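K.L.:
Take a look at this one; I'll ask things after.
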Amino acid sequence: ATIYLKDYKEPDFLIETVDLTVELGEEETIVTSRLAIKRNDETATKLSLNGEHLTLQSVKMDGHMLTPDEYSVTDEWLHLPVAAITSEFSLEIITRIKPQENTALEGLYKSSGNFCTQCEAEGFRRITYFLDRPDVMAIFTTTIVGDGDRYPVMLSNGNLTLQETLPDGRKRVTWQDPHPKPAYLFALVAGDLAVVEDKFTTRSGRDVKLQIFVEKGNEDKCDHAMTSLKKSMKWDEEKYGREYDLDIFMIVAVSDFNMGAMENKGLNIFNSKYVLASPETATDADFDGIESVIAHEYFHNWTGNRITCRDWFQLTLKEGLTVFRDQQFSADMNSAPVQRISDVQGLRAAQFPEDAGPLAHPIQPQSYVEINNFYTATVYEKGAEVIRMIHTILGEENFRKGMDLYFERHDGQAVTTEEFIAALEDGSGIDLTQFRRWYITPGTPEITVNEKFDAETGQYTLTLAQTNLKAGKDPEPLHIPLKLGLLDVNGNAVPFSDGPFKGETEGVFDLTKKRQSFTFSGFSTQPRASLFRGFSAPVKIRQESSDDALAFFFAKDEDLFNRWDAGQRLASNILLKQIEDAGDGTSLPSAFLDAFAETLSDKTLDRAFTAAALTLPGEQDIAQKMPVVDVDAIHRVREGARRQIGLTFEDDWRRIYEECENAPSPANQPASSSRKLKNTALSYLIATGQEEFITLADSQYRKSKNMTDSVAALAGLKDINHPVREAMFADYYEKWQKDALIVDKWFTLQAMATRESTIDDIKALMEHPAFTLRNPNRLRSLIGAFASGNPVYFHDKSGDGYRILSGVIAALNKTNPQIAARLVAPLGQWRRYDKDRQDLMVTELEKILKLPDLSDHVYEMANKSLHN
Ligand code: ARG
Ligand code: ZN
Numbered sequence: 009a010t011i012y013l014k015d016y017k018e019p020d021f022l023i024e025t026v027d028l029t030v031e032l033g034e035e036e037t038i039v040t041s042r043l044a045i046k047r048n049d050e051t052a053t054k055l056s057l058n059g060e061h062l063t064l065q066s067v068k069m070d071g072h073m074l075t076p077d078e079y080s081v082t083d084e085w086l087h088l089p090v091a092a093i094t095s096e097f098s099l100e101i102i103t104r105i106k107p108q109e110n111t112a113l114e115g116l117y118k119s120s121g122n123f124c125t126q127c128e129a130e131g132f133r134r135i136t137y138f139l140d141r142p143d144v145m146a147i148f149t150t151t152i153v154g155d156g157d158r159y160p161v162m163l164s165n166g167n168l169t170l171q172e173t174l175p176d177g178r179k180r181v182t183w184q185d186p187h188p189k190p191a192y193l194f195a196l197v198a199g200d201l202a203v204v205e206d207k208f209t210t211r212s213g214r215d216v217k218l219q220i221f222v223e224k225g226n227e228d229k230c231d232h233a234m235t236s237l238k239k240s241m242k243w244d245e246e247k248y249g250r251e252y253d254l255d256i257f258m259i260v261a262v263s264d265f266n267m268g269a270m271e272n273k274g275l276n277i278f279n280s281k282y283v284l285a286s287p288e289t290a291t292d293a294d295f296d297g298i299e300s301v302i303a304h305e306y307f308h309n310w311t312g313n314r315i316t317c318r319d320w321f322q323l324t325l326k327e328g329l330t331v332f333r334d335q336q337f338s339a340d341m342n343s344a345p346v347q348r349i350s351d352v353q354g355l356r357a358a359q360f361p362e363d364a365g366p367l368a369h370p371i372q373p374q375s376y377v378e379i380n381n382f383y384t385a386t387v388y389e390k391g392a393e394v395i396r397m398i399h400t401i402l403g404e405e406n407f408r409k410g411m412d413l414y415f416e417r418h419d420g421q422a423v424t425t426e427e428f429i430a431a432l433e434d435g436s437g438i439d440l441t442q443f444r445r446w447y448i449t450p451g452t453p454e455i456t457v458n459e460k461f462d463a464e465t466g467q468y469t470l471t472l473a474q475t476n477l478k479a480g481k482d483p484e485p486l487h488i489p490l491k492l493g494l495l496d497v498n499g500n501a502v503p504f505s506d507g508p509f510k511g512e513t514e515g516v517f518d519l520t521k522k523r524q525s526f527t528f529s530g531f532s533t534q535p536r537a538s539l540f541r542g543f544s545a546p547v548k549i550r551q552e553s554s555d556d557a558l559a560f561f562f563a564k565d566e567d568l569f570n571r572w573d574a575g576q577r578l579a580s581n582i583l584l585k586q587i588e589d590a591g592d593g594t595s596l597p598s599a600f601l602d603a604f605a606e607t608l609s610d611k612t613l614d615r616a617f618t619a620a621a622l623t624l625p626g627e628q629d630i631a632q633k634m635p636v637v638d639v640d641a642i643h644r645v646r647e648g649a650r651r652q653i654g655l656t657f658e659d660d661w662r663r664i665y666e667e668c669e670n671a672p673s674p675a676n677q678p679a680s681s682s683r684k685l686k687n688t689a690l691s692y693l694i695a696t697g698q699e700e701f702i703t704l705a706d707s708q709y710r711k712s713k714n715m716t717d718s719v720a721a722l723a724g725l726k727d728i729n730h731p732v733r734e735a736m737f738a739d740y741y742e743k744w745q746k747d748a749l750i751v752d753k754w755f756t757l758q759a760m761a762t763r764e765s766t767i768d769d770i771k772a773l774m775e776h777p778a779f780t781l782r783n784p785n786r787l788r789s790l791i792g793a794f795a796s797g798n799p800v801y802f803h804d805k806s807g808d809g810y811r812i813l814s815g816v817i818a819a820l821n822k823t824n825p826q827i828a829a830r831l832v833a834p835l836g837q838w839r840r841y842d843k844d845r846q847d848l849m850v851t852e853l854e855k856i857l858k859l860p861d862l863s864d865h866v867y868e869m870a871n872k873s874l875h876n
């Protein structure tokens, strides 16, 4: 059934306190829940509690045992009659569950022999009957009872208040969380885990015990996570004035987890991928991922937990805001432009296609069938861009004032995005009436740009028009911040001679009309406009730019994001032109080669930036610019161009490789920047096709003591047929087979390979003893990586790629519908391909829709993919 935002109604009843006792067993787990309930609607005669996959044992109301004819139970509800007069009463509900059989990984389940929970969004209802909605906030006391030998560690939210051994030998612990919270923030963990400890003193002097729990043997892989946590705690105090509010903060790493991590109050549960790292076992990208996810979950303590969502239509209230905060944090900890480039790459790769396809939705969806399908790039990443635009429009100081008021006004509440915006308006004094449209508008706005220069008056006029095909007919215009700088012919910044930014070289202009002109004066020659600096709005720019103009910005723009972006646009244009001319990518215009050479030899740049600037746009970036995607042609010209760039600059690549390998990183640059650039050089050298560089990759692999360099060597050779390649992949598996996260990389590299044998390789890997559909990381490492990261073979003309995917979706539909549904999206892009591929993709979507016992999750995604 579809749920609509417009139907939102306050809850009829509230739950003041929850007293849970969870008796963990090998056969079954018994949950006793004592609830103090308060009426919130005078007229309600029935109390309906959510509950799924539960066996109800008994219900007591105010101490009186109800007989089965006094209540009714369905697959999804427990309905209890409640006399209209009762204003407060208690319930005691006993249910039985089987966590060991829970393959959906929602609610209470077992991972590697340990109990753990995932309750967001609606998992708590798989533990006990409850008002499982975020606007019902209760104070939780949790008692865990179980075998103390098997489960010496027993954790829940808040503070540990009691720990004892029962007469029957079982262990019993009680945790109390003083902060009222919705059920989705509940957590419980029990297992035989190792712990790494540290502490943090908040600026007001509270000593907080920090604990990271991991499987035994992984204690030495927690340093980076712990450091990241302490940095996050400090940053949130300094940047937002937010302190931690309990005496203990725990993180648990589990190996079976549907998503990245979860911000349960005081007890974050993480996919081990975002905790465990050492230079030998994790790449630099893994380290960055850990830093940002640790920060993200920690920041949720204020943006998500202290102030939560009224209902799930408000998801972006906490997610968009928290992603924005973690991006700001990462930018402060690392190179800000490099961080911004990677944020935007992520947005363009995942969110732009979503927003252009059948699954497009506003950051605040207006309806859903299954809320788990809305933990999307749009709600998260575009949501973060929307917050960033508010930050850009308000400016740092006013944004902080608005945030301060938001925290002050709504602490302890479950609120809406509207209340958030109102607090930012009131705190800053800046009107956001028109800006609000971003929340309800799907689709990526396109901005057409026209320039006019009047040599006589010295006036330069920029005219911008906004359109959005997904926003309905003739949509009202959005309020779009345009960060702009003007350059003279030599690339020097020209200060504005009048207007609000007089004397400055950069300003933020408000684009609020469908079509709007900005005039600047005082020029003797036509200036060049650097538009949407820092990607100041999540839009696509439609501008006829010559190769020369793009090369100019690529070489000169002081805004490093725009400098990078100009290079990407230039390269895309060239590759698209080659595709049009049925070329092979090898004839590259001199405007491009000259600009490339300039960046190649510029030693003032951060090496990580140089690496990004010298990397061609990905095949999927280019695909987005084609009316009908031709995966083979894109691959052909991009590989051809890489080969040509490798050959043309071979000596430079050799020099760079040597410098990055042997000379220390320049001041203020992390060693990871040097590795990034070195491995970019390696990849171009390999692209030349010369045997010498296969040997170079081989020797890098053999010498390597860090995972970044090892993976770069594997990645460099993954597409070729060569004994060195086979030996390297075999050695890597042999060496690391006991470490699941490292084996995941082995699957991913092969899933993304483009060799003639790829499809057969993937089929064989699905039969590999280490492959399983049950572990989400493993599944994503092979199938997810193949469907989203290997356009050439996923879209193989045979249709095999599509069939592999739909087969996996069918197999997962019942066991883990959440993960199954996430795999549907690549098929949903069918309209972007040629007729033959369309037919093949549609056939698979139709097959999926006919699956017996089709889950709501998969149904919603496949149905929208086919019909929207
Ligand atoms: N709130 C978590 C985070 O972003 C994600 C939880 C996702 N859960 C889900 N069932 N979709 O930090
Ligand atoms: Zn989050």
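So for the sequence shown, UniProt numbering puts the first residue at 9; every next one is plus one. Where is the CB? At the ideal position from N, CA and C, for every residue including glycine. The structure presented is a predicted model; accordingly, all values stated were derived computationally and were not measured.
(1) Looking at the unbroken alpha helix (DSSP H) that takes in Leu704, where does it start and where does it end?
(2) With distances taken from CA atoms, which of Ala828, Ile664 and Leu196 is nearest Ser682?
(3) Just to check, is the beta-carbon of Glu114 closer than 8 Å to a non-hydrogen atom of the ligand ARG?
(4) Is DSSP giving Met736 helix, strand or coil here?
(5) Using only the heavy atoms of the ligand ZN, determine whether one of them is closer than 8 Å to the beta carbon of Val331.
(6) If you draw a straight line from the alpha carbon of Gly836 to that of Gly365, how long is it in whole angstroms?
(7) Does the ligand ARG have a heavy atom nearer than 8 Å to the CB of Tyr306?
(8) Give me the Cα-Cα distance between Arg348 and Ile105, rounded to the nearest whole angstrom.
(9) Going by the beta-carbon positions, is the gap between Trp838 and Ser873 smaller than 9 Å?
(10) With DSSP as the reference, label Phe428 as helix, strand or coil.
(11) Can you give the Cα-Cα distance for Phe21 and Asp49, rounded to whole angstroms?
(12) Quick one: what does DSSP say Arg763 is sitting in, helix, strand or coil?
(13) Can you give me the start and stop residues for the beta strand (DSSP E) that Val516 sits inside?
(14) Is the beta carbon of Met267 within less than 8 Å of some heavy atom of the ligand ARG?
(15) So, with DSSP's three-state summary, where would you put Glu831?
(16) What does the alpha-carbon distance come out to for the pair Ala761 and Pro160?
(17) Shorter than 8 Å, the distance from the beta carbon of Gly312 to the closest heavy atom of the ligand ARG, or not?
(18) Using the Cβ count rule (16 or more neighbours within 10 Å means buried), how would you classify Ala748?
(19) Is the distance from the Cβ of Ala574 to the Cβ of Phe657 below 9 Å?
(20) Would you kindly work out how many angstroms separate the C-alpha atoms of Glu433 and Gln184, rounded to a whole number?
(21) From the DSSP output, in three-state form, read off Ala285 for me.
(22) Under the three-state reduction of DSSP, which class applies to Cys127: helix, strand or coil?
(23) Please go through the same chain and pick out, in chain order, the residues whose beta-carbon is closer than 6 Å to the beta-carbon of Ala44, but skip the five residues on each side of it.
(24) Please determine whether the Cβ atom of Met270 lies at a distance below 8 Å from any heavy atom of the ligand ARG.
(25) Give me the residue from Arg830, Met234 and Thr766 with the minimum Cα distance to His803.
(26) Beta carbon of Arg445, beta carbon of Glu484: below 9 Å?
(27) Nearest-angstrom Cα distance between Ala619 and Leu329?
(28) Nearest-angstrom Cα distance between Val641 and Leu139?
(29) Specify the secondary structure class of Glu84 as computed by DSSP and reduced to three states.
(30) So Trp320 and Ile379 are supposed to be a Cβ contact under 8 Å. How far apart are they, rounded?
(31) Glu223 bridges to which residues according to DSSP?
(32) DSSP state of Cys317, grouped into three classes?
(33) May I ask you to report which of helix, strand or coil DSSP gives Ala261?
(34) Any chance the CB of Tyr192 is under 8 Å from a heavy atom of the ligand ZN?
(35) The ligand ZN and Gly393: does the residue's C-beta get closer than 8 Å to at least one heavy atom of that ligand?
(36) So which of Glu699, Thr150, Ala344 and Arg786 has the shortest CA-CA distance to Gln677?
P.N.:
Let me spell this out:
(1) Element bounds for Leu704: Glu699 to Lys711.
(2) The candidate whose alpha carbon is nearest that of Ser682 is Ile664.
(3) Yes; taking the cut-off as 8 Å, the Cβ of Glu114 has a heavy atom of the ligand ARG nearer than that.
(4) Judged by DSSP in its simplified three-state form, Met736 adopts helix.
(5) Yes; taking the cut-off as 8 Å, the Cβ of Val331 has a heavy atom of the ligand ZN nearer than that.
(6) For the pair Gly836 and Gly365, the Cα-to-Cα distance works out to about 7 Å.
(7) Tyr306: no, Cβ never under 8 Å from the ligand ARG.
(8) Going from the Cα of Arg348 to the Cα of Ile105 covers about 45 Å.
(9) Contact: yes.
(10) Helix.
(11) Taking C-alpha positions only, Phe21 is separated from Asp49 by approximately 7 Å.
(12) Three-state DSSP puts Arg763 in coil, outside helix and strand.
(13) Val516 -> beta strand (DSSP E) spans Gly515 to Leu519.
(14) For the ligand ARG, a non-hydrogen atom lies closer than 8 Å to the CB of Met267.
(15) Reading off the sequence, residue 831 comes out as Leu, not Glu. In the three-state reduction of the DSSP assignment, Leu831 falls in the coil class, being assigned neither a helical nor a strand state.
(16) Cα to Cα, the separation comes out at about 44 Å.
(17) Yes, the ligand ARG has a heavy atom inside 8 Å of this Cβ.
(18) When all chains shown are included, Ala748 counts as buried.
(19) It is not a contact, given that the beta carbons lie outside the stated cut-off.
(20) Their backbone Cα atoms lie some 37 Å apart in a straight line.
(21) In the structure shown, Ala285 sits in coil (DSSP, three-state: anything other than H, G, I, E or B).
(22) Cys127: coil per DSSP, three-state reduction.
(23) The answer, listed in chain order, is Glu24, Thr25 and Ser98.
(24) Met270: yes, Cβ under 8 Å from the ligand ARG.
(25) It is Thr766 whose Cα lies nearest to the Cα of His803.
(26) Note that the C-beta distance between Arg445 and Glu484 is below 9 Å.
(27) Rounded to the nearest angstrom, the two C-alpha atoms are 30 Å apart.
(28) Per the sequence shown, the amino acid found at residue 641 is Ala instead of Val. Taken atom to atom, the span from the alpha-carbon of Ala641 to that of Leu139 is near 54 Å.
(29) In the structure shown, Glu84 sits in coil (DSSP, three-state: anything other than H, G, I, E or B).
(30) Sure, about 5 Å apart at Cβ, within 8 Å.
(31) According to DSSP, which records beta bridges pairwise, Glu223 is partnered with Leu201.
(32) DSSP, reduced to helix, strand and coil, places Cys317 within a strand of the structure shown.
(33) Here Ala261 sits in strand by DSSP.
(34) No - the ligand ZN has no heavy atom lying nearer than 8 Å to the Cβ of Tyr192.
(35) One point to set straight first is that residue 393 is Glu, not Gly, in the sequence displayed. For the ligand ZN, not one heavy atom lies less than 8 Å from the Cβ of Glu393.
(36) Of the candidates Glu699, Thr150, Ala344 and Arg786, Ala344 places its Cα closest to the Cα of Gln677.
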